[in-house]
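Take any residue in the sequence shown, note its place counting from 1, add 25, and you have its number in our numbering.
For glycine and all other residues, C-beta sits at the position ideal for the given N, C-alpha and C.
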Amino acid sequence: MKLLNNFESFDNSETATKKDIVIQERVELVSSHMYKQFLDYQHSTVNTNDIFSRMIDCLELVTNNLKQSFSSRGVTTQNIYVDADALKSTAVVNILWHKMSFTTRCNFQPQALYREDGRHIFSNRIMAIRGNYHDIIKEAKDREDEMVKLLENEIASLYVPPDQNQKCIFKIKHTGQEFTLNQTDAPREFVLKVVETVCGGGLYHQDGSVKTFIV
26 MKLLNNFESF DNSETATKKD IVIQERVELV SSHMYKQFLD YQHSTVNTND IFSRMIDCLE
86 LVTNNLKQSF SSRGVTTQNI YVDADALKST AVVNILWHKM SFTTRCNFQP QALYREDGRH
146 IFSNRIMAIR GNYHDIIKEA KDREDEMVKL LENEIASLYV PPDQNQKCIF KIKHTGQEFT
206 LNQTDAPREF VLKVVETVCG GGLYHQDGSV KTFIV
């Protein structure tokens, strides 16, 4: 009986070892997958921060040009300005009666952009939204609630991939249009298209209808 118990103990030990190997192999697959996402997220973040910094420079140029243009027409320019935070993660732009914001504060974790052909592209996101970012999210209870509020006011988004040689994807929300932009031109083109979209339209008088904005 004692010998039988020893054999049972050996069998149990061998089974446990096999289980450990299976767990180790499968956990290694998971960690490798997550590590790849983590690296893509890091590289995308570096590219996004660079693009956003240059985007702020473009916004300064746009507002300065608008100031000159309106000033030459005798229009006061005190309501034309860019206000960027110290971290260069958010910029609020005021152009007369229009207000819009640009932000990178939506990249809480690695995320992929879904493609209709089943592909997915891991990327960071720069959002352009109507209104003042800080006012929009000030009552958000958590990050999920913050994203809901941002998406409700989204104008367009720029998706920035981890490889600098890859093109960014620019999506305009209300038309569903999509463009690809190289990372050199992306800051300028994104800023100009958003400003054109917002300021090139206009507001309807409110009368209870769904439409409130002229595009």
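Are there three or more Cβ pairs, one per stretch, closer than 8 Å when the region 196 to 216 is compared with the region 76 to 84?
Two segments are said to touch when three or more pairs of C-beta atoms, one from each, lie closer than 8 Å; by this definition the region 196 to 216 touches the region 76 to 84.
If we ignore side chains and look at the alpha-carbon of each, how far apart do L88 and Y106 end up?
Here residue 88 corresponds to residue number 63 of the sequence shown, with the count starting at 1. Here residue 106 corresponds to residue number 81 of the sequence shown, with the count starting at 1. The question names Leu, yet the displayed sequence has Thr at residue 88. Their Cα atoms are separated by approximately 6 Å.
For R51, count the other beta carbons within 10 Å of its own beta carbon; 16 or more makes it buried, fewer makes it exposed. Which is it?
To locate residue 51, count along the sequence shown from 1; it is residue 26. Exposed, by the Cβ-count rule.
Can you check the region 112 to 184 for any beta strand (DSSP E) of at least 3 residues that lies completely inside it and give the ranges in chain order?
115 to 120, 123 to 128, 137 to 139, 145 to 147, 149 to 155
Is the separation between the beta-carbon of N149 and that of T70 shorter than 8 Å?
Here residue 149 is taken as the residue at index 124 of the sequence shown, counted from 1. Here residue 70 is taken as the residue at index 45 of the sequence shown, counted from 1. Yes, the pair counts as a contact, with Cβ atoms nearer than the cut-off.
Is the beta carbon of I146 sitting closer than 8 Å to the one on A137?
Within the sequence shown, numbered from 1, the residue matching residue 146 stands at position 121. Within the sequence shown, numbered from 1, the residue matching residue 137 stands at position 112. It is a contact, given that the beta carbons lie within the stated cut-off.
For D110, which residues in the same chain have their Cβ closer than 8 Å to its Cβ, ignoring the five residues on either side in sequence?
As a working note, residue 110 is residue 85 in the sequence shown. Closer than 8 Å at Cβ, skipping near neighbours: A116.
Pair within 8 Å by beta-carbon distance, I151 and I76
Along the sequence shown, read from residue 1 onward, the residue named residue 151 stands at position 126. Along the sequence shown, read from residue 1 onward, the residue named residue 76 stands at position 51. Yes, they are a contact pair.
For the putative contact between K174 and A165, defined by C-beta atoms under 8 Å, what is the C-beta separation to the nearest angstrom?
Mapped onto the sequence shown, residue 174 falls at position 149. Mapped onto the sequence shown, residue 165 falls at position 140. At roughly 6 Å, the Cβ-Cβ gap stays under 8 Å, so K174 and A165 are in contact.
Please name the residue in Q134, I120, E53 whose C-alpha comes closest to that of G225.
Numbered from 1 along the sequence shown, position 200 holds the residue referred to as residue 225. Among Q134, I120, E53, the Cα nearest to that of G225 is on I120.
Suppose the cutoff is 8 Å on Cβ atoms and the five residues either side in sequence are ignored; what does the same chain contact list for R98 look like?
Translated into the one-based positions of the sequence shown, residue 98 becomes position 73. Cβ neighbours of R98 beyond the five flanking positions: none.
Taking DSSP as the reference, what is the three-state secondary structure of K196?
The residue given as residue 196 occupies position 171 in the sequence shown. Strand at K196.
Return the CA-CA distance between M125 and R155, expressed in angstroms with no decimal places.
Within the sequence shown, numbered from 1, the residue matching residue 125 stands at position 100. Within the sequence shown, numbered from 1, the residue matching residue 155 stands at position 130. M125 and R155: Cα-Cα distance of roughly 4 Å.
Cβ-based burial, I194 [other Cβ within 10 Å; buried from 16]
Here the question's residue 194 lines up with position 169 in the sequence shown. Counting Cβ neighbours within 10 Å, I194 comes out buried, since at least 16 surround it.
Roughly how many angstroms lie between the CA atoms of Y60 and D108, to the nearest whole one?
In the sequence shown, residue 60 corresponds to position 35, counting from 1. In the sequence shown, residue 108 corresponds to position 83, counting from 1. Those two C-alpha atoms are separated by around 36 Å.
DSSP state of V223, grouped into three classes?
Indexing the sequence shown from 1 puts residue 223 at position 198. Helix.
In angstroms with no decimal places, state the Cα-to-Cα distance between L206 and L54.
Counting from 1 along the sequence shown, the entry for residue 206 is found at position 181. Counting from 1 along the sequence shown, the entry for residue 54 is found at position 29. Whole-angstrom Cα-Cα distance: 34 Å.
Sub-8 Å separation of F127 and R168 beta-carbons
As a working mapping, residue 127 is identified with position 102 in the sequence shown. As a working mapping, residue 168 is identified with position 143 in the sequence shown. Not in contact: F127 and R168 (Cβ atoms no closer than 8 Å).
Could you work out which residue in E141, Q62, L183 is closest to C131 when comparing CA atoms only?
Locating residue 131 in the sequence shown gives position 106, where the first residue counts as 1. The shortest Cα separation from C131 among E141, Q62, L183 belongs to L183.
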